[in-house]
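A.B. asks: Residue numbers (my numbering): 4 to 142.
Cβ atoms here follow ideal geometry from the backbone N, Cα and C, with glycine treated the same way.
Take a look at the following structure, please.
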């Protein structure tokens with residue numbers, strides 16, 4: 004009986020590699036982490052507060068727009084490398100109807116522009132926050 008189950012299991016196991024696995028963010032080595040000094044309170048003058056719903060919507064949109072594991076191609080120009088960096092973009096969110104959230108991702112002005120303005124480097128997403136899914140994308 005056990006051998007009958009073993010063969011299908013062995014045949015199906017490689018299929019697991021086809022599933023998209025969640026990747027956790029990289030952590031600094033313990034010696035580097037030990038040097039970080041956390042403040043008792045985050046300064047009111049410089050902190051930014053966003054709701055969990057907005058953070059979720061922004062993350063879903065950004066993960067689709069520019070996934071963390073996407074890297075520039077070999078031989079990419081500095082301008083192209085700049086386009087692959089999330090910090091080169093501004094992300095704006097606004098509540099929509101029926102619990103949806105609109106998220107617009109645009110290239111920050113003059114960040115990656117070396118030889119004139121870049122066109123079509125933006126997208127607007129309609130996000131279903133509760134369902135954690137993208138409803139539609141406008142590019």
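Assess contact between the segment 95 to 110 and the segment 29 to 41, defined as three or more Cβ pairs (one per stretch) separated by less than 8 Å. Is contact present?
C.D. replies: no
A.B. asks: CB residue 104 to CB residue 124, shorter than 8 Å?
C.D. replies: no
A.B. asks: Reducing DSSP to helix, strand and coil, say where residue 98 ends up.
C.D. replies: Here residue 98 carries a strand assignment [DSSP, helix/strand/coil].
A.B. asks: Mind checking which residues open and close the alpha helix (DSSP H) that includes residue 37?
C.D. replies: 33 to 37
A.B. asks: Could you tell me the alpha carbon to alpha carbon distance between residue 44 and residue 52, rounded to whole angstroms?
C.D. replies: 14 Å
A.B. asks: Just tell me which of 70, 60, 34 has its CA closest to the CA of residue 102.
C.D. replies: 60
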